[in-house]
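Below is one structure, written out as structure tokens; comments come after it.
Residue numbers (this note's numbering): 219 to 365.
The structure is reproduced here in structure tokens:
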């Protein structure tokens, strides 16, 4: 038997039997390439706005499914889920954020550049609080050795 193709011994005009085996090697190759592509690109999809985050020794919190990300870039521009907000329009952007299924506002993940003034970050947090977003978690870059 030669790799799934069998010839009968009747003569020259005989038909060959169809190959009954499926070659999965190309399928596995394509799947491995896709797996590598997704493994490389998945960490890059975490955030679209580059921010130099401060360091902290706090433990990481679990991620919620329904949350929004508010980012304050080093130039002071505010983003809601990677959408830049015009100056003075941050409150209107917060009003357009959809609520959870139970009617409560989603959790807010706040990312702020380390070079920003503390007052600027607190002003954004105050605006979030006034809009009804009371569950705010702040993101840091990693752990710090300083107490």
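Each residue gets a CB set at the ideal place from its N, CA and C atoms; glycine is no exception.
Predicted, not measured: the structure shown is a model, and the values here were computed from it.
By the CB criterion at 9 Å, residue 306 and residue 298 fall outside the cutoff. Spanning the alpha carbons of residue 238 and residue 247 requires a straight line of approximately 21 Å. Judged by DSSP secondary structure, residue 259 falls within the alpha helix (DSSP H) whose first and last residues are 243-259. Between the alpha carbons of residue 356 and residue 254 lies a distance of about 31 Å.
Around the beta carbon of residue 240, fewer than 16 other beta carbons sit within 10 angstroms, so the residue counts as exposed. Per the C-alpha coordinates, the member of 245, 288, 260, 233 positioned closest to residue 353 is 288.
In this structure, DSSP gives residue 338 a helical state, which the three-state scheme calls helix. Between residue 330 and residue 290 the beta-carbon gap is near 4 Å, inside 8 Å, which marks them as a contact.
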